[in-house]
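In full-length UniProt numbering, the protein residues as written are 1 to 143.
Let me begin by presenting the structure, written as structure tokens, before commenting on it.
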Amino acid sequence: MAPERRVGPLTRTDFVRYAGAGGDFNPIHHDETFARSAGYPSVFGHGLLTAGVLAGYAASWLGRRNLRRFTVRYVGQVWPGDTLVLSGEVLRTGTAEDGGTEVEASLEVHTEAAGRERRLVLRGGATAAYPAPALALAEGDRP
Numbered sequence: 001m002a003p004e005r006r007v008g009p010l011t012r013t014d015f016v017r018y019a020g021a022g023g024d025f026n027p028i029h030h031d032e033t034f035a036r037s038a039g040y041p042s043v044f045g046h047g048l049l050t051a052g053v054l055a056g057y058a059a060s061w062l063g064r065r066n067l068r069r070f071t072v073r074y075v076g077q078v079w080p081g082d083t084l085v086l087s088g089e090v091l092r093t094g095t096a097e098d099g100g101t102e103v104e105a106s107l108e109v110h111t112e113a114a115g116r117e118r119r120l121v122l123r124g125g126a127t128a129a130y131p132a133p134a135l136a137l138a139e140g141d142r143p
């Protein structure tokens, strides 16, 4: 198991900053009146914001240079005031073709907020590859 990481609580300002960085200015993420008229109780975070936070967690845990695959599936919305709770678990390890080690992991993001139950909002997975250790030189082979 990877150590849990908490991010947040997220604010409307975080959503607006992400909109600026990602170029997604859909008013459902920053305009309360628009979000309510669309049937939502409030504005909500971009799915890619949550996925990006999870990608950073996976890269930190498994090693950025080792990541070979990262996948996500959106399960629920992230609301203002939510704290993201990131977690990961190794599902399988094996030997890669080059003799190194391949690791397959599951990833999840839950949210916590005052007055609300903890909810799963994102599921994901990652594959990381670690090179085979260099062979030790025999004593007589030292330079």
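The C-beta atom is built at its ideal place from N, Cα and C for all residues, glycine as well.
Comparing C-alpha positions only, which one of the options sits nearest to residue i?
i: L49; options: V103, Y130, P3 and D14; result: D14
i: V72; options: A113, M1 and A51; result: A51
i: G20; options: G45, S37 and E32; result: G45
i: W61; options: P41, L86, Y40 and G47; result: L86
i: Y40; options: P80, A105 and G88; result: P80
i: A58; options: E104, D24 and E117; result: E104
i: F70; options: M1, E108 and D24; result: E108
i: V78; options: N66, R68 and R118; result: R118
i: V7; options: L67, T111 and R65; result: T111
So, helix, strand or coil for residue i, using DSSP?
i: V90; result: strand
i: A114; result: coil
i: A105; result: strand
i: A2; result: coil
i: A126; result: strand
i: R142; result: Any reading at R142 must be qualified, since the residue scores a pLDDT of 46, below 50, and its modelled position is unreliable; the value itself is stated next. R142: coil per DSSP, three-state reduction.
Out of curiosity, what's the CA-to-CA distance linking residue i and residue j?
i: P27; j: A35; result: 7 Å
i: T95; j: E102; result: 6 Å
i: Y18; j: V43; result: 13 Å
i: R88; j: A55; result: As written in the sequence, residue 88 is Gly, which differs from the Arg given in the question. Taking the straight line from one Cα to the other gives about 11 Å.
i: V90; j: S37; result: 42 Å
i: T33; j: T93; result: 49 Å
i: G47; j: E97; result: 35 Å
i: T83; j: G124; result: 18 Å
i: G63; j: L122; result: 21 Å
i: D31; j: V16; result: 10 Å
i: S106; j: Y130; result: 17 Å
i: R5; j: D24; result: 26 Å
i: H29; j: G115; result: 22 Å
Just to confirm before moving on: does the CB-CB distance between residue i and residue j stay below 8 Å?
i: V53; j: L120; result: no
i: G100; j: A128; result: no
i: A126; j: P9; result: no
Next on the checklist: Please give me, in chain order, every unbroken run of the beta strand (DSSP E) with length at least 3 that falls completely inside the UniProt domain "MaoC-like" (9-110).
Outcome noted: As far as the UniProt domain "MaoC-like" (9-110) is concerned, its whole beta strand (DSSP E) runs of at least 3 residues are 67-74 and 83-95.
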